[in-house]
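Enquirer: With full-length UniProt numbering, letter number 167 in the sequence shown gets 167, and the count goes up by one each step, no holes.
Positions of the beta carbon are idealized from the N, C-alpha and C atoms, including for glycine.
What you are looking at is a predicted structure, and each value in this text was computed from that prediction instead of being measured.
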Amino acid sequence: MGHDHSHTGHQHEHGESTRNLGIAFFLNLGFAIIEIIGGLWTNSVAIISDAVHDFGDAFSIGVSYFLERYSNRKRTVTFTYGYKRFSTLGALINSIVLLVGAIFVFMETIPRLFHPAEVNYSGMMWLAVVGLVVNGGAALRLMRGNSISQRAVMLHLLEDVLGWVAVLIGSVIIRYTGWYFIDPLLSVGIGVFILTNVCRNLYTIFRILLQAAPEHMPEDKIKAILQEVPNVKDVHDLHVWTLDGERNIASAHLIVADDISRADAIRVKHDAMDRLKEAGIDHLTVEVEFEGEGCYSCPVE
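(1) Going by C-alpha to C-alpha distance, which of I23, V52, F26 and T88 sits closest to I36?
(2) Identify whether N120 lies in helix, strand or coil by the three-state DSSP scheme.
(3) Alpha carbon to alpha carbon, how far is A102 from N197? Give it in angstroms, no decimals.
(4) Rounded to the nearest angstrom, what separates D271 and L92 at their Cα positions?
(5) Taking contact to mean 3 or more Cβ pairs, one atom from each stretch, closer than 8 angstroms, check whether the region 252 to 265 and the region 204 to 214 are in contact.
(6) Please list, in chain order, all residues of the same chain as E289 whose beta carbon is under 8 angstroms from its beta carbon, the five residues on each side excluded.
(7) Do you know how far the Cα of F86 is from the Cα of T285?
(8) Report the three-state DSSP secondary structure of W241 (helix, strand or coil).
(9) DSSP three-state call for T285: helix, strand or coil?
(10) As a quick exercise: from G30, R275 and E108, pick the residue whose alpha carbon is nearest that of E228.
(11) Between A139, I281, G38 and L113, which has its C-alpha nearest F25's C-alpha?
(12) For H270, report the span of its alpha helix (DSSP H) as first-last.
(13) Counting contacts by CB-CB distance shorter than 8 angstroms, is V133 in contact with chain B?
(14) Are there 16 or more other CB atoms within 10 angstroms of the CB of V45, so buried, or fewer, so exposed?
(15) Grouping DSSP H, G and I as helix and E and B as strand, with all else coil, what is F104?
(16) Given E291, which residues of its chain have a CB within under 8 angstroms of its CB, disregarding the five upstream and five downstream residues?
(17) With 16 as the cutoff for other CB atoms within 10 Å, does R112 come out buried or exposed?
(18) Can you check which of these residues, G136, I194 and E108, is closest to P116 by C-alpha distance?
(19) For a test of the three-state rule: what should DSSP assign to L210, helix, strand or coil?
(20) With burial defined as no fewer than 16 other Cβ atoms inside 10 Å of the residue's Cβ, what is the status of V133: buried or exposed?
(21) Does the region 236 to 245 touch the region 118 to 128, meaning 3 or more C-beta pairs lie closer than 8 angstroms?
(22) Hey, would you say G39 sits closer than 8 angstroms to I33, going by beta carbons?
(23) Please say whether G163 and I182 have beta carbons closer to each other than 8 angstroms?
(24) Among residues of its own chain, excluding the 5 on either side of F55, which ones have a beta-carbon nearer than 6 angstroms to its beta-carbon?
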């Protein structure tokens, strides 16, 4: 009876998580369309720039929505590690979309820095207020969720809130000073902000795809943990990588004395797995080798 209640609770949380992402997706996509129309109406490249960013965010939320629905799918004979790395693929696609969008923003905005055009600052102010309400409301809804996807999307939306704060301040400055160059300057600032985050994301994504060891989990740290296991004399052929930036994997050969018992060898394996699980390794493959055995599967250096 208790098990059924727990399973039902998990399904409810998962359904709520998916529903929140779906609501955030439609809010962001709908408002991005309004931004494009409003940006053309107000002649504001800052708002058009943010619209490009919001379209990228909507795409990101859409990918997260899809992955949230399929995140619990079990491994198959084709995808033996499951579907976790699909999230990394989605992040790569999203980053490329945002990168292209940032380049487009710069191409459209930089000429306006030298030849500022008049903008409808009243329209900018109203759009900024609506943007704060829409993005802020979506972010507050996702704050109630516990999933990693929801937290990542929530941070995206909070970034949008800060962008709209900048547009609101800029429109007020333009109203009282007539400094129309503030609009393209804001657009460049938004573009630089997007580009900085995209480059940071791409760095992380390529480290994952190229199977680099997680930065917080270097090989020497893992080796030191394994060498502390009783009866382990040496560690070699050690590999550490991450599946999606969260699920970490390792494989290692542990050398033990020739005269230890089968029970001790099994204990070495279990002890090694327990220690690395505490260190943040989710999946460990261990091969126990006796000192005089030699390693037949190790790559030639």
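Expert: Looking at the atomic coordinates:
(1) Relative to I36, the option among I23, V52, F26 and T88 whose CA is nearest is V52.
(2) N120: coil per DSSP, three-state reduction.
(3) So the alpha carbons of these two residues sit roughly 11 angstroms apart.
(4) 37 angstroms
(5) no
(6) H253, L254, I255, V256 and C295
(7) 23 angstroms
(8) Reduced to three states, the DSSP call for W241 is strand.
(9) strand
(10) Considering only alpha carbons, the answer is R275.
(11) Nearest neighbour of F25 by Cα position, chosen from A139, I281, G38 and L113, turns out to be A139.
(12) R262 to A279
(13) Reference to chain B is not applicable here, since this structure consists of a single protein chain.
(14) Looking at its Cβ environment, which holds 16 or more other Cβ atoms inside 10 Å, V45 is buried.
(15) Residue state, collapsed to three classes: helix.
(16) Here the set comprises K233, I255, V256, A257 and D258.
(17) Residue burial annotation: R112 is buried, with at least 16 other C-beta atoms found within 10 angstroms of its C-beta.
(18) E108
(19) coil
(20) Exposed, by the Cβ-count rule.
(21) no
(22) Their beta carbons are not under 8 angstroms apart, which means G39 does not touch I33 by this criterion.
(23) no
(24) A32
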